[in-house]
Structures are given as structure tokens and as C-alpha cells.
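In my numbering, the protein residues as written are 70 to 217. Following: one structure in C-alpha cells, then a few remarks.
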């Protein structure tokens, strides 16, 4: 899973400075990374972030500072599951671009395997230690006789 970051700084200056390399002295990109852009973390080294642009405007890749003088320029936004596919003609893997809709949908949907595990858990929860299916007949519920 890759960490996502949201740009929160640079509102007064039309975004934050993006550099080609890790060092602060490296060449700055011509455009800035816009406020509210979402980026995927490729590498984090101290307070410098190597990113890939997911949404918003700015350079597709580069290095930015996460904080300046104690103020956050980027904040952690969440995670994205990285999907890879393997080509039938070669052993190279290629990353697929994951949209924000896919990220939100995957968090809400249960797979059939997860649904089955939940059903099995609830069935097991109803069993007593000797295997009888008494439902919720516990000492807390003396009025429940277990009879339909």
C-alpha cells in the first residue's frame, strides 16, 4: 500500500515548490504543485517527499518539502492499494493507475470470501461449547428458553 498526501500549503504563492532532486539546491521545476493536490509517496527521506501526482495540478513527479519552519505543506491523506499486472509475453510488471473512485469503492465493498467469513463467525458465535445452537441463551437473558 502506498501512502497518499494532500497539499495544504502554498495557498498564498500558487502552490509549493517542486525540485528535480532530493537536495534543496537541486533545480526547481517550472510549475508548482497546487494546493489541494493529492500525491502518492514514492520515497520519504527526512522531511523531503518524492511523489507521483494522483490528482490536482503540478509536475507529475518530483521532490517537495513536507514542512517549512514548523508549518505543514503536505499532510497524510490515506492509503492506496497498488495493483500490478504481469505481461504474458514478459516477466515485467506494470503499475495500473488507480482512480479515487476505486479507492473509495474498495473500502466499502466486501468480497464474497469476507462475507462467508463473517457468516461463519456469526454461526460460531451462536454455538455453545458443547456444539448446541442455543442462540443468545445466556445467564444475562434468563427469559430466553432457546425454544422457538
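Here a beta-carbon is modelled for each residue, glycine too, at the ideal position from N, C-alpha and C. No experiment lies behind these values; they were computed from the predicted model shown.
- Taking a C-beta distance under 8 Å as the contact criterion, residue 78 and residue 119 do not qualify as a contact pair.
- Leaving aside the five residues that flank residue 126 on each side, the residues in its chain whose CB is nearer than 6 Å to its CB run, in chain order, 103.
- Here residue 71 carries a strand assignment [DSSP, helix/strand/coil].
- By the Cβ-count criterion, residue 106 is buried, with 16 or more other Cβ atoms from all chains shown falling within 10 Å of its own Cβ.
- With contacts defined as CB atoms closer than 8 Å, residue 96 and residue 87 fail to qualify as a contacting pair.
- Residues of the same chain with a CB within less than 7 Å of the CB of residue 123, apart from the 5 flanking positions on each side, are 73, 107, 108 and 109 in chain order.
- Beta-bridge annotation (DSSP): residue 119 is paired with 112 and 132.
- Only buried fits residue 131, as 16 or more other CB atoms lie within 10 angstroms of its CB.
- Ranking 93, 142, 117 and 121 by CA distance to the CA of residue 82 puts 142 first.
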